[in-house]
DNA sequence: TGTTAGCACTCTAATAAAGTGAGTGCTAAA
DNA sequence: TTTAGCACTCACTTTATTAGAGTGCTAACA
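As structure tokens, this is what we get:
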């Protein structure tokens, strides 16, 4: 167990390093107001903290740098909840004030705010689209050959896809089919759409239109979009401003990861309620081992949920960032609650 | 006027520099197969070419580097049309083979291909949306308080916006209004929508619904999206791979420009038909003075057009890039022609 | 027994000095 | 007109030197 003095020193060292990105020496610590002891005493304590694995040296005569274990301890035990500044709060309030009604906008804006306020990169995972249910299907003919299928879900999400109209099918038949589909598919989760189409709808179409084979295959093509859960990214270039990423290779490999939407989505999906912090090697990807990832879930009033995350160097302003992400995820949840 | 030998030497020097990014010395040129003269002769010619402003030195005893004037001359007079490799052609063909029907997809994919094949950053300006005409307006009620307005244009572009339904208006009234709007607004260019709403529609609504004031203001909010012309960017991080951008400050300032959508859009909008090359200071922005921008217009069958562009260092593979962008813009035009 | 002053020691980072090599310009001869 | 030859330039690399920040250890002190 650490003594109070050790706790204090560890905290001051990590705070300092987070601010300056420079290894922290005993003398600079001893000069701080909250520290009353001499540099020699600090040196002794630092040696102990290093032995315990909370601090590291970059070389034998350098100052100390927090280890991952140090950060972990800092996050778990040394973080005093921070009141956000007025400026930060108003930025958030302001953004949510003008009643945005689209989910996408809210999320995009949130990602923007988050990266702007923190100078890190924000990543927001949209809610699992495939769980949303079909509200309405519309087909808008553009001309004789093509039409647009528009799909509205109960969350107000809109997907659309253009497709060719087979020449054998005229407008009245198309309309008939759309009516059938709306009758039968309303309320069906998107993920079940295909299945339902296979089992129930085929027969119905067969009865009502003569060109059923043809119509069916075109319908399939029109409806079977990927329904992929979307990733919203803000401040991707903020990574470049962090001194730990002055090496371009690191930047590149980190970008490579971020761009792998599926893997990022899986990573973000995994967490439970509340704010979570993944430090360095706690992240699964090699390129993220100098990074920390802060995540929080938000919900959409119904059972659906998404994740809001912030990616930065392990030397991260945990205090502020955690408060921010906490406030923002709650604000998002709050905003969405009214909708559904 | 330049002699044939000077032309040859200039070409060889620029070709070499584009390949290696290193200042080119007289000896390395004299060793090339196509050059039969000694390094001393080359040196004399190089001195002349420098005096004429086509070449520069980085310092008094360095090899030569093309000046902007040199690149300009190279692009205007020394470029032999290049046959694209089979690999490049198949990449493009492949991408356009699976019949994508949405404009957005085609453009997004094109941006991807272009940046992938060139390792530069591709920027595609969508067609001027506000010139497209309204095809159909739909309103899908989500629940008692909210609905989604969906707007389909004649080009198959879909925009949607959620809005609150005023409590005073019930579904049948809403439906009536939508019918009126569709009758009156079909075929109206998006840019005129607002105007038309002001002048013609207001009276109509007044006649048909009792809650016209209320309904009207909500309609306005629902319909008046920004209709902004979109910018599609591919391979933004490719900039990092160019040796001329190992200085992060340059990268940052370039990113800053690219992210200013409006200014980029204006820049891309300006060009006429055909492939255009802007070298270094021919670009308006400070951050782009080490860059060249290659642009070409594509059209949508009707009168509408957009721009496809490629941004890289002035030391650019002009030959290949120009061919590529040429082929791709034609392919896009070709693809769209069938649609409208 | 905990704290601290003092000192030798270590290692980085900055600066200076010396050497290397690619490249140039000029001259004179072919 | 071309080219061989040579002196010269300048960036880049290597090596040395120094300054400074920091450590660990010891011995004295409260």
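Protein chains in written order, with the working numbering: chain X, 1 to 340; chain F, 1 to 340. Virtual Cβ for every residue (Gly too), placed ideally from N, Cα, C.
Practice problem: For residue 125 of chain F, collect the residues of the same chain with a Cβ closer than 7 Å to its Cβ; drop the 5 residues on either side in sequence, then sort them by chain order. | Solution: Only 229, 231, 265, 268, 269, 306, 307 meet the Cβ criterion.
Exercise. Using a Cβ cut-off of 8 Å (strictly closer), state whether residue 146 of chain X contacts chain F.
Key: yes
Quiz item: Which residues of chain F have a Cβ atom closer than 9 Å to the Cβ of residue 154 of chain X, listed in chain order?
Solution: 142, 143
Quiz prompt | Completely contained beta strand (DSSP E) runs for the stretch 1-43 of chain X, where each covers 3 or more residues | solution = none
Quiz prompt | CB contact flag (residue 322 of chain F, residue 251 of chain F, <8 Å) | solution = no
Quiz prompt | Any C-beta of chain X under 8 Å from that of residue 196 of chain F | solution = Chain X contact via Cβ: absent.
Exercise. For residue 12 of chain F, verify whether its CB is less than 7 Å away from any heavy atom of the ligand GDP.
Key: No copy of the ligand GDP appears in this structure; indeed no ligand is present at all.
Quiz item: Which residues share a DSSP beta bridge with residue 179 of chain F?
Solution: DSSP output for residue 179 of chain F lists no bridge partner at all.
Quiz item: Counting only runs that start and end within the stretch 53-82 of chain F, where is the alpha helix (DSSP H) found for 4 or more residues in a row?
Solution: 68-73
Practice problem: Specify whether the stretch 167-180 of chain X and the stretch 310-321 of chain X touch according to this definition: at least 3 beta carbon pairs, one from each stretch, less than 8 Å apart. | Solution: no
Quiz item: According to DSSP, which residues form a beta bridge with residue 299 of chain F?
Solution: F/305
Exercise. Look at the Cβ atom of residue 234 of chain F, then the Cβ atom of residue 329 of chain F, and state whether they are nearer than 8 Å.
Key: no
Quiz prompt | Residue-chain proximity (residue 255 of chain X, chain F), Cβ-Cβ < 8 Å | solution = For residue 255 of chain X, the nearest CB of chain F lies under 8 Å from its own CB, placing it at the interface with that chain.
Self-check item: Against chain X: residues of the stretch 97-109 of chain F by CB proximity under 7 Å
Solution: 101, 102
Exercise. Consider the Cβ of residue 118 of chain X: report whether some Cβ of chain F lies at a distance smaller than 8 Å.
Key: Residue 118 of chain X does not count as touching chain F.
Exercise. Go ahead and pull the three-state DSSP assignment for residue 338 of chain X.
Key: coil
Self-check item: Near-chain X residues of the stretch 159-185 of chain F - C-beta to any C-beta below 8 Å
Solution: Listed in sequence order: 160, 161, 162, 163, 164.
Quiz item: What do you get for residue 138 of chain F, buried or exposed, if any count of 16 or more other CB atoms within 10 angstroms of its CB means buried?
Solution: buried
Quiz item: Using the rule of at least 16 other Cβ atoms within 10 Å of the residue's Cβ for burial, across every protein chain shown, is residue 155 of chain X buried or exposed?
Solution: With 16 or more other CB atoms across the displayed protein chains lying within 10 angstroms of its CB, residue 155 of chain X is buried.
Practice problem: Can you give me, in chain order, the residues of the stretch 122-139 of chain F that have a beta carbon less than 8 Å from any beta carbon in chain X? | Solution: 135, 136, 138
Quiz prompt | Contact under 8 Å by Cβ, residue 164 of chain X with residue 145 of chain X | solution = yes
Self-check item: CB contact below 8 Å: residue 251 of chain F versus chain X
Solution: yes
Exercise. Would you identify the three-state DSSP class for residue 120 of chain X, choosing helix, strand or coil?
Key: coil
Quiz prompt | Min CB distance residue 311 of chain F to chain X below 8 Å | solution = no
Quiz item: What does a CB cutoff of less than 8 Å around residue 52 of chain F pick up in its chain, not counting 5 residues either side in sequence?
Solution: 2
Exercise. Might you give, ordered along the chain, the residues of its own chain that have their beta carbon closer than 8 Å to the beta carbon of residue 258 of chain X, omitting 5 neighbours on each side?
Key: 121, 123, 233, 236, 264, 311
Exercise. Could you confirm whether any beta carbon from chain F is found closer than 8 Å to the beta carbon of residue 229 of chain X?
Key: no
Practice problem: Leaving out five residues on either side along the sequence, give the residues of the same chain with a beta carbon under 7 Å from the beta carbon of residue 331 of chain X. | Solution: 92, 96
Exercise. Identify whether residue 166 of chain X lies in helix, strand or coil by the three-state DSSP scheme.
Key: Coil, per DSSP.
Quiz item: Which residues bound the alpha helix (DSSP H) around residue 191 of chain F?
Solution: 190-196
Quiz item: Buried or exposed: where does residue 194 of chain F fall if 16 or more other Cβ atoms within 10 Å of its Cβ makes it buried?
Solution: exposed
Quiz item: Which first and last residues belong to the alpha helix (DSSP H) in which residue 287 of chain F is found?
Solution: Where residue 287 of chain F is concerned, there is no enclosing alpha helix (DSSP H), given that its DSSP letter is neither H nor E.
Quiz item: Within 8 Å (strictly less), CB to CB, does residue 246 of chain F reach chain X?
Solution: yes
Quiz item: Looking at residue 48 of chain X and residue 11 of chain X, is the spacing between their C-beta atoms short of 8 Å?
Solution: no
Quiz item: Leaving out the 5 sequence neighbours to the left and right, which residues in its chain are closer than 8 Å to residue 336 of chain F when beta-carbon positions are compared?
Solution: Excluding positions up to five away in sequence, the list reads 103, 106, 298, 299, 300, 301.
Quiz item: What residues are listed by DSSP as bridge partners for residue 153 of chain X?
Solution: X/134
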